[in-house]
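Working notes, structure below.
Protein chains: 2
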Amino acid sequence: MAQKASIPKGTRDFLPAEVAKRSYVTDVIRTQFERYGFLPIQTPAMEKSSTLKGKYGDEGDRLMFNILNSGEKVKKADLDALEDGALGQFTSSISEKALRYDLTVPFARFVVQHQNEINFPFKRYQIQSVWRADRPQRGRFQEFTQCDADVVGAVSPLLEAECMQLFDDVFDALSLKGATIRINHRAILAGIANYLDAPDRIVAFTVALDKLDKIGPEGVFNELRHNGFDDAALKRLSPLFDLTGDVVSQLNQLEEILISQPDALEGIAHLRQTLGFLSSFKVSQLSFDLTLARGLHYYTGIIFEVAPPESVAMGSIGAGGRYDDLTAVFGLKDVHGLGISFGLDRLCIVLEELNLFPATLKQAVDVVVLHFGDAYMHDLVPFLAKWRNMGIRINCYPTAHKLKKQMQFANQIQAPWVMFYGNDEQQKGVVSLKNMGEGTNSEIKLEDFSKKCIN
Amino acid sequence: MAQKASIPKGTRDFLPAEVAKRSYVTDVIRTQFERYGFLPIQTPAMEKSSTLKGKYGDEGDRLMFNILNSGEKVKKADLDALEDGALGQFTSSISEKALRYDLTVPFARFVVQHQNEINFPFKRYQIQSVWRADRPQRGRFQEFTQCDADVVGAVSPLLEAECMQLFDDVFDALSLKGATIRINHRAILAGIANYLDAPDRIVAFTVALDKLDKIGPEGVFNELRHNGFDDAALKRLSPLFDLTGDVVSQLNQLEEILISQPDALEGIAHLRQTLGFLSSFKVSQLSFDLTLARGLHYYTGIIFEVAPPESVAMGSIGAGGRYDDLTAVFGLKDVHGLGISFGLDRLCIVLEELNLFPATLKQAVDVVVLHFGDAYMHDLVPFLAKWRNMGIRINCYPTAHKLKKQMQFANQIQAPWVMFYGNDEQQKGVVSLKNMGEGTNSEIKLEDFSKKCIN
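Here the protein sequences line up with chains S and E, keeping their order.
All residue numbers for the first sequence refer to this note's numbering, where the first residue is 1 and numbers rise by one.
All residue numbers for the second sequence refer to this note's numbering, where the first residue is 456 and numbers rise by one.
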């Protein structure tokens, strides 16, 4: 019996029309990255497990795809661990490699490994797949593509401003209007935790805060109470939920409230410096979001997250922030980092929903040449070579099927032009060219056909 | 203690200069594929094990990277199989997915799965990584990139000719001279096996023949004797090693010898038809190679293999052939296929050795803007946005380090232009532009700077 043709859940095949759309988006992102001086690197799909494990929390370790050791090596399986239910230990005994889980940890590993081959400040971009054994749902896949730009080895509000401008330039180039860049600063969160007399409970605090959207202020208060914050603390917190106006005025209000917290003031000052550069750039939609915390262990300064236009129900389509010392775990200390990331797959869903893909992407071939028999094709072959050399994309129908069948094919692949070369044309030394959109026909001398004829 | 920053054996990081070279080659290949009407598809890195297993022979199954099942599923480990040394069975009990081993089997699976969404004859190309747990050596990696173009659903010597022309066009576009396309035909091999009274031993026969290069005619004879071919058979085989002249005359000699073998005559006739088209194309170096057998189980018609120029010691840089019914295992019968493949990694090694990468690839950024303090940068920021919008790639040095350090950076990243905007320039409303190659300087009004200035 034949095997069923199918692929693992959460993975996808991309047909030509989809590849064209994805390439369009990655080309736009790549072009913008390069305009900001980022250079491309690539890292292997497989990393050593020791490189990845423990870098993404327990959930990350659990969702990582592990690669089974080859050949005899599986004999080293730790069966005691399996029996004891120590599945992580069992896995380690038969697996030394795992699939890339994001692009940031491999980049940190890369920077340390190649520190003598790269020039700091190092601006790199990377557009590659990552894999997570997550439950698939809308906008979430087990194999998906991240587009990351990071700069390591420098601290400067100019870089932060450039990152935000870069988000904006990419959306502009994609004609995507209405995306909002939300920002926050880790030092402000630390200042607030301190202000609430809970500097050691900053994680619990930000986890609760992060849920404001979903559970409202009362929900956040309840969760904080549950985590040992007392009423006095919650009373102090309350006004922080009532900031109004644009980013600048919200920062002013925040400064008044947190005037006694040096950490928070530093974060506010830093955001102001960044905004100073941004006012000369022209970032369209920016909002300050005190609840934005994103993987707090990881980020140390500014934090970004990009929400799609409100009309599209979808999680963030971009994110980033400043992280310091991510390379320390691999032995290189004090390397400051800042990065942003676009989620290609979600971005494509958003563009699709808003009908923003250019119509020209559909045109993957310029001309279908119909086939009236090898004798005619022999005449055409030297010209085909010449025309292809001019950059014309030609699909030559391979056999002399009935005209109707060939025309049907040309229609189905959405060829804008069809070329005929049969008996009549051979007599005259011409090709007949049909404009499939307009239904018009013209005759062109064999030696005169060129790109101009199909414009 | 810090973890060592390293990657699994047989895998590679690619630094910006290497990515630029690899992108150059894939861009050339992609452009040429599209000129022949091939359309891009992509398939997941992970396939179901059942899709891949048993398709590449025992070696393939052994060299496949298997992905461990996630979470609780590893509890289903078949420990009896492990104890019995049935490692394949043990692996199957804890792994349901494997990494793509080539692009052809996933493509066959794709064609069956999407048969109602694609239009036959379907010309697809695919440029993606594949993974094999092979012993790494020069030109052989555990993660490498294949560039495949296949057409399914048609039989036509024109397509075969186009494939060869496509090899040639790619090499032309890469300025690679001296690659040789070697061809053979499966029906000729079948005819010879029959001519030697050993139609059932065609595999042993071709395996021996394939070694002619390494062990010479005597070695081949010995191996065949060992496999039960008698002296009469070997005497009949001998003249086949002595074909001389170009492809056409070799085919003529072969026809005389194998005049009694219908299979062989059919193969010869088919090669002649293909060559008929090729004579109008202009394929540079073509050779008939009776010893070429490449995965015989798989190919059913013409077989291609491309050798690099003689000056480079390296295995084949391209290959392909006609295969029929590869989709049958997934339930779709009688789908004829023909494909060629370029090995990106080997091609890059060959181009590197022959110094064929364009010098312009080194230029990954156009301008480094030196940083004399935020006050100056505030002036520049709106112009930076404008210039980047013009497509100029600008790396803005992030902090006001000493001039020497900044110039060193610009040198190291091989920036062709460096821009200064300090006190003097601010007074005059200009930027100073240094041509790093020629060491010359010029002043340009802020509003006049454009792409022209850096050409």
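Yeah, the Cβ is synthetic: ideal placement off N, Cα and C, and Gly gets one too.
### Task
List the endpoints of the continuous alpha helix (DSSP H) containing Asn850(E).
Against the second sequence, residue 850(E) aligns to sequence position 395. It is not in any alpha helix (DSSP H) - Asn850(E) instead sits in the beta strand (DSSP E) that spans Ile849 to Cys851.
### Message
Less than 8 Å between CB atoms is the rule here; does Thr399(S) satisfy it with respect to chain E?
### Response
The count along the first sequence starts at 1 and reaches residue 399(S) at position 399. Taking Cβ atoms only, chain E reaches closer than 8 Å to Thr399(S), which makes this a yes.
### Message
Measuring only the C-alpha atoms, how far is Val702(E) from His791(E)?
### Response
By 1-based counting over the second sequence, the position of residue 702(E) is 247. By 1-based counting over the second sequence, the position of residue 791(E) is 336. Each residue's Cα considered, the two are about 26 Å apart.
### Query
Taking 8 Å as the CB-CB limit, is Arg727(E) close to chain S?
Against the second sequence, residue 727(E) aligns to sequence position 272. Not an interface residue.
### Task
Taking C-beta pairs closer than 8 Å, name the residues in chain E that Asp13(S) reaches, listed in chain order.
Here the question's residue 13(S) lines up with position 13 in the first sequence. Near Asp13(S) (Cβ distances below 8 Å), the residues of chain E are Ile496, Gln497, Thr498, Pro499, Phe565, Gln568 and His569.
### Query
Which residue spans inside the segment 222 to 300 of chain S form an unbroken beta strand (DSSP E) run of at least 3?
286 to 288
#### Entry: For Thr600(E), the three-state DSSP class (helix, strand or coil)
Position 145 of the second sequence, counted from the start, is the residue given in the question as residue 600(E). Of the three classes helix, strand and coil, the one that applies to Thr600(E) here is strand, per DSSP.
### Neighbour-count burial assignment, Tyr430(S), 16 or more Cβ in a 10 Å radius
Here residue 430(S) refers to the residue found at position 430 when the first sequence is read from its first residue. Checking the displayed sequence, the identity of residue 430(S) turns out to be Val instead of Tyr. Its Cβ being crowded by 16 or more others within 10 Å, Val430(S) is buried.
### Query
By the 10 Å Cβ neighbour count, where 16 or more other Cβ atoms means buried, how is Lys211(S) classified, buried or exposed?
As a position in the first sequence, residue 211(S) is number 211, starting the count at 1. Under this definition Lys211(S) is an exposed residue.
### Query
How close, in whole Å, do the beta carbons of Gln426(S) and Tyr376(S) come, if the pair is a contact with beta carbons under 8 Å?
As a position in the first sequence, residue 426(S) is number 426, starting the count at 1. As a position in the first sequence, residue 376(S) is number 376, starting the count at 1. About 6 Å; that satisfies the 8 Å criterion.
### Continuous beta strand (DSSP E) stretch holding Thr635(E): start and end
Position 180 of the second sequence holds residue 635(E). Start and end: Thr635 to His640.
### Query
With 8 Å set as the bound, which would you pick, yes or no: does the beta-carbon of Glu143(S) sit closer than that to a beta-carbon of chain E?
The residue given as residue 143(S) occupies position 143 in the first sequence. Chain E contact via Cβ: present.
### Task
Report the neighbours of Leu888(E) on chain S: residues whose CB is nearer than 7 Å to its CB, in chain order.
Here residue 888(E) refers to the residue found at position 433 of the second sequence. The contacting residues do not exist; Leu888(E) stays about 16 Å from chain S at best.
### Message
Against chain E, with Cβ distances strictly below 8 Å, would Ile181(S) count as a contact?
### Response
Taking the first residue of the first sequence as position 1, residue 181(S) is located at position 181. So, not an interface residue.
### Task
Just the chain S side, please: which residues come within less than 7 Å of Thr559(E) by C-beta, in chain order?
Position 104 of the second sequence, counted from the first residue, corresponds to residue 559(E). Result: empty, since nearest Cβ-Cβ is about 14 Å, beyond 7 Å.
### Task
Tell me whether Val74(S) is buried or exposed, calling it buried when 16 or more other Cβ atoms sit within 10 Å of its Cβ.
By one-based count along the first sequence, residue 74(S) stands at place 74. Answer is buried; the Cβ neighbour count reaches 16.
### Message
For a minimum of 4 consecutive residues, which ranges assigned as the alpha helix (DSSP H) are wholly contained in the segment 782 to 861 of chain E?
### Response
799 to 808 and 829 to 844
### Residue closest to Phe875(E), alpha-carbon to alpha-carbon, out of Phe864(E), Glu898(E), Asn866(E) and Gln869(E)
The residue you call residue 875(E) lines up with position 420 of the second sequence. With distances taken between Cα atoms, Phe875(E) lies closest to Glu898(E).
### Query
Does the segment 189 to 204 of chain S come close enough to the segment 259 to 269 of chain S to have 3 or more Cβ pairs within less than 8 Å?
yes
### Query
Does Thr91(S) come within less than 8 Å of chain E when only Cβ atoms are used?
For the purposes of this step, residue 91(S) is taken as the residue at position 91 of the first sequence. It does: the Cβ of Thr91(S) has a partner Cβ on chain E nearer than 8 Å.
### Query
Do we get a CB-CB distance below 8 Å when we pair Ile392(S) with the residues of chain E?
The residue given as residue 392(S) occupies position 392 in the first sequence. True, the Cβ-Cβ gap to chain E drops below 8 Å.
### Interface partners of Ser525(E) on chain S, CB under 7 Å
Walking along the second sequence from the start, residue 525(E) turns up at place 70. Within chain S, the residues near Ser525(E) are Ala133.
### Task
Would you mind sorting Ile215(S) into buried or exposed? The rule is 16 or more other CB atoms within 10 Å of its CB.
On the first sequence, position 215 is the one that residue 215(S) refers to. When all chains shown are included, Ile215(S) counts as exposed.
### Query
Can you tell which of Ser584(E), Pro763(E) and Phe827(E) has its C-alpha closest to the C-alpha of Thr635(E)?
Your numbering for residue 635(E) matches position 180 in the second sequence. The residue with the shortest Cα to Cα distance from Thr635(E) is Pro763(E).
### Query
When the distance is taken between beta carbons, is Ser461(E) closer than 8 Å to Gln113(S)?
Counting from 1 along the first sequence, the entry for residue 113(S) is found at position 113. Counting from 1 along the second sequence, the entry for residue 461(E) is found at position 6. For Gln113(S) and Ser461(E), yes; Cβs fall inside 8 Å.
### Task
Have a look at Gly343(S) and Cys147(S) and give me their C-alpha separation to the nearest angstrom.
The count along the first sequence starts at 1 and reaches residue 343(S) at position 343. The count along the first sequence starts at 1 and reaches residue 147(S) at position 147. Taking the straight line from one Cα to the other gives about 6 Å.
### Query
Gln881(E) versus chain S: which residues are under 7 Å apart at the beta carbon?
Within the second sequence, residue 881(E) is the residue found at index 426, counting from 1. Those do not exist, as Gln881(E) stays about 15 Å from chain S at its closest Cβ, beyond 7 Å.
### Query
Distance, Cα to Cα, Phe575(E) vs Leu518(E)?
To locate residue 575(E), count along the second sequence from 1; it is residue 120. To locate residue 518(E), count along the second sequence from 1; it is residue 63. Rounded to the nearest angstrom, the two C-alpha atoms are 33 Å apart.
### Task
Could you name each continuous alpha helix (DSSP H) segment of 4 residues or more that falls completely within the segment 84 to 143 of chain S, going from the start of the chain to the end?
87 to 94 and 104 to 113
### Query
Is the CB of Pro576(E) under 8 Å away from at least one CB in chain C?
No chain C appears in the structure shown, which is made up of the protein chains S and E.
#### Entry: CA-to-CA distance, Arg182(S) to Ser287(S), given in whole angstroms
To locate residue 287(S), count along the first sequence from 1; it is residue 287. To locate residue 182(S), count along the first sequence from 1; it is residue 182. C-alpha separation (whole angstroms): 5 Å.
### Query
From Asp779(E) to Leu351(S), what does the alpha carbon distance come to, in whole angstroms?
Residue 779(E) sits at position 324 when you count from the first residue of the second sequence. Residue 351(S) sits at position 351 when you count from the first residue of the first sequence. Approximately 40 Å, taken between the alpha carbons.
### Task
Residues of the segment 200 to 229 of chain S with a CB closer than 8 Å to any CB of chain E: list them in chain order, please.
none
### Message
Assuming contact is defined by CB atoms lying nearer than 8 Å, are Leu278(S) and Leu523(E) in contact in what I supplied?
### Response
Position 278 of the first sequence, counted from the start, is the residue given in the question as residue 278(S). Position 68 of the second sequence, counted from the start, is the residue given in the question as residue 523(E). Cβ atoms of Leu278(S) and Leu523(E): not closer than 8 Å.
### Query
How many angstroms separate the CA atom of Asn716(E) from the CA atom of Asn810(E)?
Here residue 716(E) corresponds to residue number 261 of the second sequence, with the count starting at 1. Here residue 810(E) corresponds to residue number 355 of the second sequence, with the count starting at 1. According to the sequence provided, residue 716(E) is Gln. The question's Asn does not apply to it. Roughly 47 Å between the two C-alpha positions.
### Query
With Lys860(E) and Trp872(E) assumed to form a contact (beta carbons below 8 Å), what rounded beta-carbon distance in angstroms separates them?
The residue labelled residue 860(E) in the question sits at position 405 within the second sequence. The residue labelled residue 872(E) in the question sits at position 417 within the second sequence. Not really, about 18 Å apart at Cβ, beyond 8 Å.
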